[in-house]
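Protein chains: 2
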Amino acid sequence: MADNFRSDAQDRVPARKGELTKMAILEAALAVAARDGLEGVTIGVLADRLGMSKSGVFSHFGSREELLIATLLEYEARFLNAVLRPAILEPRGLLRLKAILGNWFTRLGHETQEGCLYISGGIEYDDRPGAVRDELVRMLTDWEKALARAILMCVETGEMNEEVPVELIVFELYSLALGFHHNARMMQRDNGSVLIRQVFERILNQYQSRPAGI
Amino acid sequence: MADNFRSDAQDRVPARKGELTKMAILEAALAVAARDGLEGVTIGVLADRLGMSKSGVFSHFGSREELLIATLLEYEARFLNAVLRPAILEPRGLLRLKAILGNWFTRLGHETQEGCLYISGGIEYDDRPGAVRDELVRMLTDWEKALARAILMCVETGEMNEEVPVELIVFELYSLALGFHHNARMMQRDNGSVLIRQVFERILNQYQSRPAGI
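Have a look at this one:
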């Protein structure tokens, strides 16, 4: 159960032309969202980009809201495929948690040019109620749960002590992701990876179980 | 020198009607920026809001860019007046650092309804080169320097040890501010103050000088 996540688009073999077109639209939507935010993703912009008619795009997604939600789901599938899936090859516990965090921040590092949709969407939609915001909150909550599960596995394996404040660590980790993104994009510094790995080490060391007597 | 900062608008006694009008425009600009981001602050919107002509607003700020920069400077003056100025009444060192952090996060807590311009501006302008972005980076850098100075004073007073990694702590503190903002606005949780104070305590304790032998 704990290891489940949506499978990635790259693994699907599109059976029909309609599916291929839908994937091309989502690919274009992700590129536009990376550059201009979800705000920039409109049926008109995607139609222009793909040389399709608006009604052609519209036939795949019944509304702009549906298009934005599909774009978010595709982003999430790719995020989990890059960050969570490879880490599941590591044994449960500290090695897996470190792999997840390593993959996450490697991905954030690659995304500094275009920006992370979780982060940019979180700012764009924090004051806009509706289905898109609800989907973003669901995605963010699921990601927090995945991090919490990975921390709790370290307690199960005895690598972290039982008093580990899971909610607090998840809050710190997400704060660091936001700080990393800000440091790279707004402050245009390249020292984020070094800084964030130091904080990680400190957080993980702090709660690791010590052999008795030490 | 270290204690210098721009004095707040509230302390100034506007000498002329022109100055009063300029302050009313900035007041309106801050309200619009809080709701819609700097993006929403245009000469037309402010003219509508104040029942002035566009050319009336334009006569106080030669361009939209100049208006945005004046809005940022006014925001900064109020931010420093609320966060840094009262803390300077505390003795240099740990008490002053704790007062600055306490004031900062109290203010962020009040701002969760409208959002902090440092944070929302940082996302809005992270990929838009120009004078507004440059001013925001200058403000953010100055705030980081103010935090760094407050930490270094704790080394001077002997309350923190000399190896304290100032850059890393400033990165962590700013990351926590971003996390707090996200937690309150996007996730609509009210546990941010509790979480952030726990991390603060841990960061400050970690680097505090211990009496010899302990």
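Top line first, the protein sequences correspond to chains A and B.
In this text, residue positions in the first sequence follow our numbering: the first is 1, and each later residue adds one.
In this text, residue positions in the second sequence follow our numbering: the first is 1001, and each later residue adds one.
Using N, Cα and C, we set each Cβ at its ideal position, and we do this for glycine too.
Nothing here was measured: the structure is a model prediction, and the numbers come from that model.
1) Residue ranges of each alpha helix (DSSP H) run of no fewer than 4 residues wholly in the stretch 1045 to 1102 of chain B, ordered along the chain?
2) Please identify, using Cβ separations under 7 Å, the residues of the stretch 1190 to 1208 of chain B that lie next to chain A, in order along the chain.
3) Excluding the five sequence neighbours on either side, which residues of its own chain have a C-beta within less than 7 Å of the C-beta of A/GLY115, listed in chain order?
4) Cα separation between B/THR1042 and A/SER120?
5) Would you grab the beta carbon distance between A/ILE100 and A/ALA150 for me? Rounded to a whole angstrom, and I think it's under 8 Å.
6) Alpha carbon to alpha carbon, what distance is there between A/ALA24 and B/GLY1051?
7) Bridge partners for A/GLN208 per DSSP, in chain order?
8) Here's a check: name, in chain order, each residue in its chain whose Cβ is nearer than 8 Å to the Cβ of A/VAL166, leaving out the five neighbours to either side.
9) Can you check the stretch 1116 to 1159 of chain B for any beta strand (DSSP E) of at least 3 residues that lies completely inside it and give the ranges in chain order?
10) Have a look at B/VAL1032 and B/ARG1202 and give me their C-alpha separation to the nearest angstrom.
11) List the residues of chain A that B/GLU1172 touches, going by C-beta distances under 7 Å, in chain order.
12) If you drop the 5 nearest sequence neighbours on each side, which residues of the same chain put their C-beta closer than 8 Å to that of A/ARG92?
13) The alpha helix (DSSP H) spanning B/ARG1035 covers which residue range?
14) Which residues mark the beginning and the end of the alpha helix (DSSP H) in which A/VAL166 is found?
15) Please list the residues of the stretch 1052 to 1076 of chain B that have a C-beta atom closer than 7 Å to any C-beta atom in chain A, keeping them in chain order.
16) A/LEU178 touches chain B at which residues, Cβ-Cβ below 8 Å?
17) Whose Cβ in chain B lies nearer than 7 Å to the Cβ of A/ASP134?
18) Less than 8 Å separating the beta-carbons of B/ILE1123 and A/ILE123?
19) Just the chain B side, please: which residues come within less than 9 Å of A/ARG185 by C-beta, in chain order?
In short:
1) 1054 to 1058 and 1064 to 1083
2) LEU1195, GLN1198 and VAL1199
3) ALA34 and ARG185
4) 23 Å
5) 5 Å
6) 49 Å
7) A/MET160
8) ALA148, ILE151 and LEU152
9) none
10) 37 Å
11) VAL199
12) MET153, GLU156 and THR157
13) 1017 to 1036
14) 166 to 185
15) none
16) SER1175, LEU1178, GLY1179 and HIS1182
17) Per Cβ cutoff of 7 Å: no residues; A/ASP134 is ~11 Å from chain B at best.
18) yes
19) GLY1122, ILE1123, ASP1126 and ASP1127
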